[in-house]
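A short worksheet on the structure shown next.
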Amino acid sequence: MVNLFTNHGRANVDNDWEWAGVYHTANKYDCLWGQGDVESDTDPDDEVNINYRWYEGFDDVYPASVQTSSKVLKNQCSEINVKTAIPEYPEELKPLIVKQEKLPDNQLAKDYAKMDVAKADFEIKHDGARSYRDGSKLFEIYDSGAIRYRTVSEAVYGEFSKDPDDEPISENYNDNKSVNQVYYDEEISFNKEEAIAQAREFISSIGGMPSDASVEPEVFVEKEVKLNFDGGQEKERIVGYGIVFRHDYDLPIRGKGDYIRVSINNNGVDSFFKHWSKPVGLAEKSQLIVSPDTILEEIEKNIHKYIKLDKSVDITNMQLVYYSQYRNKKQTTLYPAWEIEFDRGYKIYVDAFTGKIID
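Start counting the sequence shown at 3; every next residue gets the next number (the working numbering).
Laid out in structure tokens, this is it:
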């Protein structure tokens, strides 16, 4: 019998773009009454999580708004340790002017997905993207210039990572207690070097790597976790790799956009995403950069609004970047921001001109 959490993870993807489930941690894997295991309810002060799924992914979040007041105050009093050197920085910077590739939908679909949009099974528009499906292919074109190709299996079950800066872990749960539990995905049969080679070959086949792309990609491991409900060791294995290429620019271009990602599993390329702004120059006027000390004060005061904090968290890296917005945002200018990385992989961006955390 499948638990409620797993059902939520599989439901309504094709016809319900956004929904959420709220649960206590201890009750996450409860089944319907009489249909499987049910844990005792937790008291009101226990941690409350939101599990949500939408067209772009499936994940757990911990917004401060769903914590009790005592939890928020506790989070606000967390100790934040700076475990990295404070970087040197210029007194002022100019914003970066960029432009996007603009081609007709049919040309993009033909070049990147070998698809004829005129013969597509359906066409819909959502979240700033026009989506075309042709058999086993789903191709999306965003107004921002971003494009995305996915196989039908991924289009149905969704990506398990919203952000390539996070290490994506596919948590496919099976509540069958038998030793014959099976994984939903095949374990990968090659290493990350082979995955990188496959990604490069695929990009070469669709027009080649942008001239300003970094030589060495970032590699994210996609894992699948099998829970042992008899109290034994949880098991996980690698089921795919995400190969990410970014701009090789004087100041790193980071944020929620501007990268190429190739997702690879045992069947080859499962998805491809490209959001690539072309730098064309700098703005005429420069502006003063907010100092790291001021940025850290902003983090200390407001970080609990954006991530769940333990009693003690560490800042492990801090660098000045040009911030690129989410894929559905049109942008002609990238503004400087401070990228703050925490020990658990969280990254927060703070506007380097205003000193305010970027939502």
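All C-beta atoms in this analysis are idealised placements derived from N, C-alpha and C, irrespective of residue type, glycine included.
Based on the DSSP secondary-structure assignment, which residues constitute the bridge partners of T335?
I99
Provide the residue(s) that pair with S326 in DSSP beta bridges, ordered along the chain.
G257
What residue from N268, L98, F274 has the CA that sits closest to I262's CA?
F274
Whole angstroms are fine: how far does the CA of A120 sit from the CA of E341?
42 Å
Just verifying my parser: in three-state terms, what is the DSSP assignment at R248?
coil
What does F222 pair with, by DSSP beta-bridge criteria?
G244
Can the beta-carbon of Q327 be found closer than 8 Å to that of E94?
no
Which stretch, first to last residue, makes up the beta strand (DSSP E) that contains L284?
280 to 284
For R135, collect the residues of the same chain with a Cβ closer than 7 Å to its Cβ; drop the 5 residues on either side in sequence, then sort them by chain order.
A122, D123, F124
Using CA atoms only, rank isn't needed, just tell me which of K237, Y251, K307, V352 is closest to V292.
V352
With W136 as the anchor, note down where its beta strand (DSSP E) starts and where it stops.
Going by the sequence as given, residue 136 is Asp instead of Trp. Here the beta strand (DSSP E) through D136 covers 131 to 136.
By Cβ distance, which residues of its chain are closer than 7 Å to E189, with the 5 residues on each side in sequence left out?
R239, I240, V241
Classify V323 as buried or exposed, calling it buried when 16 or more other Cβ atoms lie within 10 Å of its own Cβ.
buried
So, for I126: in the same chain, excluding its five sequence neighbours on each side, which residues have a beta-carbon less than 6 Å away from its beta-carbon?
S133
Residue closest to R152, alpha-carbon to alpha-carbon, out of S146, N269, E343, I359
N269
Are the beta-carbon atoms of S146 and Q333 separated by less than 8 Å?
yes
When the Cα of G357 is compared with those of I305, K287, V271, D272, which residue comes out closest?
I305
Could you pull out every residue in the same chain whose Cβ sits closer than 6 Å to the Cβ of Q200, ignoring the five residues on either side in sequence?
I266
CA nearest to the CA of P281, picked from N83, E103, D118:
E103
Just to confirm the assignment, what range does the alpha helix (DSSP H) spanning F204 have?
194 to 207
Backbone CA spacing between I317 and D107 [nearest angstrom]:
43 Å
At which residues does the beta strand (DSSP E) containing E142 begin and terminate?
139 to 144
Comparing the C-beta of G259 with each C-beta of chain B, is any distance below 8 Å?
Absent here is chain B; the protein component of the structure consists of one chain.
Simplified DSSP state of N14, which is helix, strand or coil:
Annotation note: pLDDT 47 at N14 (below 50); position unreliable, coordinate value reported separately. Three-state result, N14: coil.
Note down, in chain order, each residue of its chain lying with its Cβ closer than 6 Å to the Cβ of R150, except the 5 sequence neighbours on either side.
E142, F275
Return the first residue and the last residue of the alpha helix (DSSP H) that E382 is part of.
The structure shown does not extend to residue 382, since the chain spans only 3 to 361, so no value can be given for it.
Assign L290 to one of three DSSP states: helix, strand, or coil.
strand
Mark R55 as exposed unless 16 or more other C-beta atoms lie within 10 angstroms of its C-beta, in which case mark it buried.
Confidence is the limiting factor: at R55 the pLDDT is only 37, short of 50, which leaves the residue's position unreliable, though a coordinate-based value still follows. Flag for R55 reads buried.
Give the secondary structure of N269 by DSSP, where H, G and I count as helix, E and B as strand, and everything else as coil.
coil
Quick test of your reading: A215 and D250, contact by CB under 8 Å. State the CB separation rounded to the nearest angstrom.
6 Å
Select from Y325, D345, T335 the residue whose C-alpha is nearest the C-alpha of G253.
Checking the displayed sequence, the identity of residue 253 turns out to be Leu instead of Gly. Ranking the options by Cα distance to L253, first place goes to Y325.
Run through the DSSP bridge pairs and tell me what E343 is partnered with.
N319, K349
State buried or exposed for F344, treating a residue as buried only when at least 16 other CB atoms are found within 10 Å of its CB.
buried
With distance defined between alpha-carbon atoms, name the residue in Y114, E302, K112, D129 nearest to I2.
Lying before the first or after the last residue shown, residue 2 is absent from the chain, which here runs from 3 to 361.
Around the Cβ of P338, are there at least 16 other Cβ atoms within 10 angstroms (buried) or fewer (exposed)?
buried
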